[in-house]
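Colleague: The working numbering puts the sequence shown at residues 355 to 529.
Beta carbons: idealized from backbone N, C-alpha and C, even for Gly.
Values in this document were obtained by computation on a predicted structure and should not be read as measured data.
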Amino acid sequence: MSNYTINKPILGISAYSGTGKTTLLKNIIPLLKKENYKIGVLKHAHHAFDVDQKGKDSYELRKSGASHMLITSNQRWALMVENKTNEEPDVNEYIKKLENEDIDLILIEGFKKTDIPKIELHRPSLGYPLLCTDDDNIIAIATDDEIKGDINIPILDLNNYKIIVEFIVKKFPKK
């Protein structure tokens, strides 16, 4: 589905802003972990962001002009790289960065237009149109209400995380 071949399964979580993508991920990742999946997450942000805090050494060093700032401890590490472009990020470039990591499944939040398998989150009460009508990469819809229309893909209960995880595990079995 993607124009980049990777040896890891990839699943996008796609929806309009405010639909609950992060909430869903926060609830299904622990369940996937119980299934012994090692999960990598790639999240799209629509704005500038900082993962370190003003006043901390890593923040100050990056703000002083370092184009790459890697901070590490015995518990985690993070690499901040300054992007100097007005273009939206190419998801394939960032998927490649996860290719050699020890993970079983890459979950991607956002990047609605990316050519990868996706679960669409849909809340009819918000009034947004279905994405699946224009996106053949959507393999299921997770919704909190009845969907009107002729839908030929699985419809999952958005509030039943166990069912969503069962769908994911069946569709993307560990290798």
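Quick one: what does DSSP say T426 is sitting in, helix, strand or coil?
Modeller: Here T426 sits in strand by DSSP.
Colleague: G366 to K472, Cα distance in whole Å?
Modeller: C-alpha separation (whole angstroms): 4 angstroms.
Colleague: Please report how far the alpha carbon of D444 lies from the alpha carbon of L452, in whole angstroms.
Modeller: Rounded to whole angstroms, D444 to L452 spans 14 angstroms at the Cα level.
Colleague: Using the Cα positions of T373 and M423, report the straight-line distance between them to the nearest angstrom.
Modeller: Roughly 33 angstroms separates the two Cα atoms.
Colleague: Expressed to the nearest angstrom, what Euclidean distance is found between the alpha-carbon atoms of S371 and H476?
Modeller: Answer to the nearest angstrom: the Cα atoms are 11 angstroms apart.
Colleague: Let me make sure I understand the geometry here. Which of Q407, E463, S418 has the alpha-carbon closest to that of L378?
Modeller: With distances taken between Cα atoms, L378 lies closest to E463.
Colleague: When you compare each of N514, I492, E441 to N506 by their alpha carbons, which one comes out closest?
Modeller: Nearest of N514, I492, E441 to N506, Cα basis: I492.
Colleague: How many angstroms separate the CA atom of A399 from the CA atom of A432?
Modeller: Between A399 and A432, the C-alpha separation is close to 17 angstroms.
Colleague: Indicate whether the contact test is met: 3 or more Cβ pairs, each with one atom in the segment 478-497 and one in the segment 382-391, closer than 8 angstroms.
Modeller: Taking 8 angstroms as the limit for Cβ pairs, the verdict is that the segment 382-391 does not touch the segment 478-497.
Colleague: I need the straight-line Cα distance from D458 to Y391, nearest angstrom please.
Modeller: So the two alpha carbons sit approximately 6 angstroms from each other.
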